[in-house]
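A short worksheet on the structure shown next.
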Amino acid sequence: MKHPLETNRLQLEEITPDHLELFFKLHSCPEVDEFNTMGIPTSTETTAEILKPALDDQLNETRSKYCWAVYRKSDGVFIGEAGFSNSGPKYKCGGMHYLLMPEQWGQGYATEIAKGLIEFGFMELNLHRIEAGVATENLASIRVMEKAGMQREGRRRKILPIRGEWVDNYHYAILESDPRN
Ligand SMILES: CC(C)(COP(=O)(O)OP(=O)(O)OC[C@H]1O[C@@H](n2cnc3c(N)ncnc32)[C@H](O)[C@@H]1OP(=O)(O)O)[C@@H](O)C(=O)NCCC(=O)NCCS
24 MKHPLETNRL QLEEITPDHL ELFFKLHSCP EVDEFNTMGI PTSTETTAEI LKPALDDQLN
84 ETRSKYCWAV YRKSDGVFIG EAGFSNSGPK YKCGGMHYLL MPEQWGQGYA TEIAKGLIEF
144 GFMELNLHRI EAGVATENLA SIRVMEKAGM QREGRRRKIL PIRGEWVDNY HYAILESDPR
204 N
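With the sequence shown counted from 1, adding 23 to any position gets you my numbering.
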């Protein structure tokens, strides 16, 4: 079953196959790809493969993987992607990510999404911990995580394959008991 989410300025709709072109466009932006391991897709089929696990998961009664298309409420413009994974009842741990169209950067949208995903994980999924990773040079995303109340827990050396190089990653997390900004 699909699970829409809403924040102050944004509407998050779980993807359908109709979102393929929008996501292909988003993943094809070199600025979006800069710190990402996904790489620029060679065709919409590559994007379809990336989206398939989240689309398939919508059929499961117990959900573990969500991918939303993010729209600005005021004018209905597509601004990007948000994702969330749930480890299940033993570890009660979530993972999240977000990617925005470059023309939408710098307006606080990613922070609003990150806070919304954290609330979703703790309040609706009853998780204990939510994690995210970020390339150590991705200063904008690091700032987003810290504004959302996540804490840096460590550095994983040369773990991200990005355009033929091994790149370091910071591991961030927030616990259900941590203060939320
Ligand atoms: C990372 C990303 C999601 C940020 O989105 P956004 O909507 O611009 O983020 P916000 O506006 O909520 O916050 C960005 C913060 O980073 C700061 N920032 C931006 N670029 C920066 C830089 N080069 N150095 C330091 N801080 C920077 C902004 O000033 C802002 O902080 P502030 O509110 O204290 O001024 C967006 O740049 C993006 O989609 N990047 C490509 C995909 C990506 O890297 N996703 C994250 C994967 S971990």
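Idealized CB from N, CA, C, for every residue including glycine. Being a predicted model, the structure only gives us computed values, none of them experimental.
What are the uninterrupted segments assigned as beta strand (DSSP E) that are 3 or more residues long and contained completely in the stretch 128 to 174, given in chain order?
152 to 158
Going by alpha carbons, who is nearest to asparagine 83 out of Leu123, Lys25, Lys113?
Here residue 83 refers to the residue found at position 60 when the sequence shown is read from its first residue. Nearest option by C-alpha distance: Lys25.
Terminal residues of the continuous alpha helix (DSSP H) containing histidine 50?
Here residue 50 refers to the residue found at position 27 of the sequence shown. From DSSP, the alpha helix (DSSP H) with histidine 50 extends over 43 to 50.
Would you call the CB atoms of valine 100 and tyrosine 121 closer than 9 Å?
The residue you call residue 100 lines up with position 77 of the sequence shown. The residue you call residue 121 lines up with position 98 of the sequence shown. Contact: no.
Give me, in chain order, the residues of the same chain whose beta-carbon lies closer than 8 Å to that of aspartate 191; leave out the 5 immediate sequence neighbours on both sides.
Position 168 of the sequence shown, counting from 1, holds the residue named residue 191. Ala158, Thr159, Arg178, Arg179, Arg180, Lys181, Ile182, Leu183.
Glutamate 54 lies in the alpha helix (DSSP H); which residues open and close that run?
Looking up residue 54 in the sequence shown gives position 31. Its alpha helix (DSSP H) spans residues 53 to 56.
For histidine 151 and proline 125, I'd like the C-alpha separation in whole angstroms.
Here residue 151 refers to the residue found at position 128 when the sequence shown is read from its first residue. Here residue 125 refers to the residue found at position 102 when the sequence shown is read from its first residue. Taking the straight line from one Cα to the other gives about 32 Å.
Going by DSSP, what residues sit across from glycine 62 in a beta bridge?
The residue labelled residue 62 in the question sits at position 39 within the sequence shown. Bridge partners of glycine 62: none, in fact.
Quick one: does the C-beta of glutamine 34 sit closer than 8 Å to a heavy atom of ligand 1?
Here residue 34 refers to the residue found at position 11 when the sequence shown is read from its first residue. No, Cβ of glutamine 34 sits at least 8 Å from all heavy atoms of ligand 1.
Roughly how many angstroms separate the alpha carbons of threonine 67 and asparagine 204, rounded to a whole number?
Position 44 of the sequence shown, counting from 1, holds the residue named residue 67. Position 181 of the sequence shown, counting from 1, holds the residue named residue 204. Distance between the alpha carbons of threonine 67 and asparagine 204 is about 38 Å.
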